[in-house]
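Q: When the letters of the sequence shown are read in order and numbered with the numbering used here, they come out as residues 232 to 843.
Backbone N, C-alpha and C define an ideal beta-carbon position, used for all residues, glycine too.
Dropping the structure in here first, questions after.
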Amino acid sequence: MELLVTNSPFSQEQSELLNRVLPTLTESQRVWLSGYLTALGAAAVAPSAASAPAAVNVQAATAPVSAAAKDVTVLFGSQTDNARGLAKKFAKKLEESGYKVSLSAMSDFKPNTLKKLENLLILVSTHGEGEPPDNAISFYEFLHSKRAPELSGLRYSVLALGDMSYEFYCQTGKDFDKRLEELGGKRLVPRADCDVDFEEPAAEWMNAVTASLGEGVPAQSAGTAAAPLADTGAGTEYSRSNPFCAEVLENLNLNGRGSDRETRHIELSLEGSNLKYEPGDSLGVFPENHPGLVDEFIEAMGWQPQEPVAAGKSGGQLPLREALIRHYEITVLTKPLLEQAAGLAPGSGIKELLAPGREQELRAYIQDRDLLDLAQDYHLKGIIPAGDFVKILRKIPARMYSISSSPEAYPDEVHLTVRAVRYESQGRDRYGVCSTLLAERVQAGDKLPVFIQSNSNFKLPENPETPVIMIGPGTGVAPFRAFLGEREESGAAGKTWLFYGDQHFSTDFLYQVEWQRWLKEGVLTRMDVAFSRDTDQKVYVQHRMLEKAGELYKWLREGAAVYVCGDEKRMAHDVHTALATILEREGGLSSEEAAEYLTLMQQQKRYQRDVY
């Protein structure tokens, strides 16, 4: 980027400064600077300003805000509370800056008030394969319908949360951003797309939006990284950015001898952490890569294990092998990663894989392979220095697990139910990063870095008399162990019904003794099970639901809340279809009316899902 002194309003000295600084800015810094200049340009300029010094005090510069522009609406759509948590932090930040803020989940927002808004900030995650989260569906559908109003008077910006390992990365945020523009809205600042390590880019977006709204400028200059959103205090408040090292108290295999599955029950101590959770929340665990895979990858690239390389954004260095084990993701390929790898190895053939017309081939390659495959398939040995390659890798993301314990039943403890992932593909054995770590290399007395991830979208009814229907095959049963443990401790009197399934009754009936005790004591009113490999025809939980359709419909008419946990792609879809079928068959509803009934249940928080 070169500025020409001849036709620019800048002096030679200013042009030289700009020429040195602008090419070094990151994308987030450009976004911040754009927002800052917008806010500065909105300021009223006094007649004597022409003679004022050219230097600007970034810390002190502010722009007056009209009374109308002081109203800001912040909407969030969130499946696991990340967008919700960020929205709450940003709303507080804006209120402290003098704004009148309306904060709402998209499911609670009245769409017919949209045309009255002047400033709209959307924070939304993407669920599954490019789908909006459950509490964003109704607003998303309204905005993309013919009923959506013209919004030429609206200023807006979107913060999109996602996972770059998915093909439709941040798709819901992109959809909202595009649709609001189509309806006539004007962006305050460009949309920000955040990967799983979202705190810093989210903070930068918030700073840019604040500046663009005209309420002053963030405390840090454009060249300074934004502060983390999480407040870690003096090291005593633990969070995603400051995880607690929890001691492993117990690590047991729940499957019986002869099972082809391995499901670990893991108990962790939270003593001294001050971490609090509720049934329905999740625990984030930061894993390590399998040492054997790291060794193979280093060999395939022709590197030296002890070579020092950068370890994350902190600027510190570690031996290559340790950095790859502890800091960098090496088991997931993404299109952006391949694009950067192609730039580091231009003659390798990776660029050809990315060529237009080969999208399906690229999709298949990414889905089934990891970095070791990439190194071997494209003969990268000795081509790319280790120090250059680690710069394109992202941090190992935390793995999220539904908590399977009640804090009332197990004070200062948190329990997990984790199935070890192992399979063969492309002639190699593969294994889940975190699940295999927990199954093979973590023992009682070891410590794991963890944090609590709240989930306001998966909570027991406030009224303890409300009947509860729980559907959770396999490890999806984890939160329902927490639910029943909590209801036992609180003495909740409402009826409970659990649908559970797995492969074999004799070897795969997770927590069988506990369910039987709760049935005997009345904490669990009834239980229906489906063991798919014990019968000639495979029977799953949705089949049991349909078998009990009459009774299940009766519970729904009584106001029962329905909870679903587990696999999204198949199980959750099949269960949703079964619920709709029951409403049609037993309630006499049309397919459209059944769909509307389930949507209403979601809006009333009577139908909640924790699916992945």
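Is phenylalanine 730 helix, strand or coil by DSSP?
A: Strand at phenylalanine 730.
Q: Tell me whether serine 721 is buried or exposed, calling it buried when 16 or more other Cβ atoms sit within 10 Å of its Cβ.
A: Under this definition serine 721 is an exposed residue.
Q: Determine the direct distance from the alpha carbon of serine 579 to that of isoleucine 615, and round the result to whole angstroms.
A: Those two C-alpha atoms are separated by around 11 Å.
Q: Do you know offhand how far threonine 441's Cα is from lysine 347's?
A: Straight-line Cα distance between these residues: approximately 21 Å.
Q: Per the DSSP calculation, valine 844 is bridged to which residue(s)?
A: The question about residue 844 has no answer here: the residues shown for the chain are numbered 232 through 843.
Q: Per DSSP, which one or two residues make a beta bridge with asparagine 520?
A: Note: asparagine 520 sits in no beta bridge, so no partner.
Q: Are the Cβ atoms of proline 550 and proline 539 separated by less than 8 Å?
A: Yes, the Cβ-Cβ distance between proline 550 and proline 539 is below 8 Å.
Q: Between which two residues does the alpha helix (DSSP H) containing valine 754 stretch?
A: Careful: valine 754 lies outside any alpha helix (DSSP H) and carries neither H nor E.
Q: Would you check if there are 3 or more beta carbon pairs closer than 8 Å linking the segment 706–725 to the segment 658–671?
A: Contact fails: fewer than three Cβ-Cβ distances are below 8 Å.
Q: Give a yes or no on whether the C-beta atoms belonging to tyrosine 400 and isoleucine 353 are separated by under 8 Å.
A: No, Cβ-Cβ distance for tyrosine 400 and isoleucine 353 is not below 8 Å.
Q: Name the DSSP beta bridge partners of serine 388, please?
A: In the DSSP output, where bridge partners are listed per residue, serine 388 has Leu352.
Q: From the DSSP output, in three-state form, read off tyrosine 843 for me.
A: Looking at tyrosine 843 - three-state DSSP - the assignment turns out to be coil, as it is neither helix nor strand.
Q: From which residue to which residue does the alpha helix (DSSP H) around asparagine 313 run?
A: Asparagine 313 -> alpha helix (DSSP H) spans 313–327.
Q: For alanine 595, does the count of other Cβ atoms within 10 angstroms reach 16, so buried, or fall short, so exposed?
A: So alanine 595 counts as exposed.
Q: I'd like the span of the beta strand (DSSP E) that includes phenylalanine 682, first residue to last.
A: That run of the beta strand (DSSP E) goes 678–684.
Q: Can the beta-carbon of serine 376 be found closer than 8 Å to that of glycine 415?
A: It is not a contact, given that the beta carbons lie outside the stated cut-off.
Q: Using the beta-carbon count (16 or more within 10 Å), is glycine 753 buried or exposed?
A: With fewer than 16 other Cβ atoms within 10 Å, it is exposed.
Q: For the beta strand (DSSP E) containing threonine 648, name the first residue and the last one.
A: Counting along the chain, the beta strand (DSSP E) containing threonine 648 begins and ends at 644–650.
Q: Measure the C-alpha to C-alpha separation of glutamate 639 and alanine 713 and round it to an integer number of angstroms.
A: If you take the alpha carbons of glutamate 639 and alanine 713, they lie about 10 Å apart.
Q: Take glycine 487 and list the residues in its own chain whose beta-carbon comes closer than 7 Å to its own, dropping the five residues that flank it on each side.
A: So the list reads Ser737 and Thr738, once near-sequence residues are dropped.
Q: Using a Cβ-Cβ cutoff of less than 6 Å, which residues in the same chain neighbour serine 504 once the five nearest sequence positions on both sides are dropped?
A: Closer than 6 Å at Cβ, skipping near neighbours: Tyr469 and Phe475.
Q: Looking only at its chain, what residues have a beta carbon closer than 8 Å to the beta carbon of lysine 769, apart from the 5 residues adjacent to it on each side?
A: Ser763.
Q: Under the DSSP definition of a beta bridge, which residues are partnered with arginine 630?
A: BP columns for arginine 630 point to Val516.
Q: Taking 8 Å as the threshold (C-beta atoms), are phenylalanine 711 and methionine 701 in contact?
A: Their beta carbons are under 8 Å apart, which means methionine 701 touches phenylalanine 711 by this criterion.
Q: Compare the beta carbon distance of asparagine 350 and aspartate 302 with 8 Å and say whether it is the shorter of the two.
A: In contact: asparagine 350 and aspartate 302 (Cβ atoms closer than 8 Å).
Q: Need the endpoints of the beta strand (DSSP E) that proline 539 sits in, please.
A: 539–541 is the extent of the beta strand (DSSP E) around proline 539.
Q: Using the C-alpha atoms, what's the distance from glutamate 817 back to tryptophan 786?
A: Roughly 12 Å between the two C-alpha positions.
Q: Helix, strand or coil for proline 550? Go by DSSP, reduced to three states.
A: Residue state, collapsed to three classes: strand.
Q: Whole angstroms is fine: what's the gap from phenylalanine 730's alpha carbon to methionine 832's?
A: For phenylalanine 730 and methionine 832, the distance between alpha carbons rounds to 19 Å.
Q: Mind reading off the beta-carbon distance from leucine 611 to methionine 532? Whole number of angstroms is fine, and I expect it under 8 Å.
A: About 6 Å; that satisfies the 8 Å criterion.
Q: What first and last residue would you give for the beta strand (DSSP E) that runs through asparagine 438?
A: Careful: asparagine 438 lies outside any beta strand (DSSP E), inside the alpha helix (DSSP H) at 430–444.
Q: Looking at C-alpha atoms only, which residue of Lys622, Leu411, Pro364 and Gln607 is the closest neighbour of glycine 393?
A: When each option's Cα is compared against that of glycine 393, the closest is Pro364.
Q: Starting from glycine 404 and walking both ways along the alpha helix (DSSP H), at which residues does that stretch end?
A: First-last of the alpha helix (DSSP H) with glycine 404: 402–413.
Q: With histidine 496 as the anchor, note down where its beta strand (DSSP E) starts and where it stops.
A: 494–500 is the extent of the beta strand (DSSP E) around histidine 496.
Q: Need the endpoints of the beta strand (DSSP E) that aspartate 424 sits in, please.
A: 423–425 is the span of the beta strand (DSSP E), which, as asked, contains aspartate 424.
Q: Please report the residue range of the beta strand (DSSP E) in which glutamate 717 lies.
A: Unbroken run through glutamate 717 is the alpha helix (DSSP H), 709–721; no beta strand (DSSP E).
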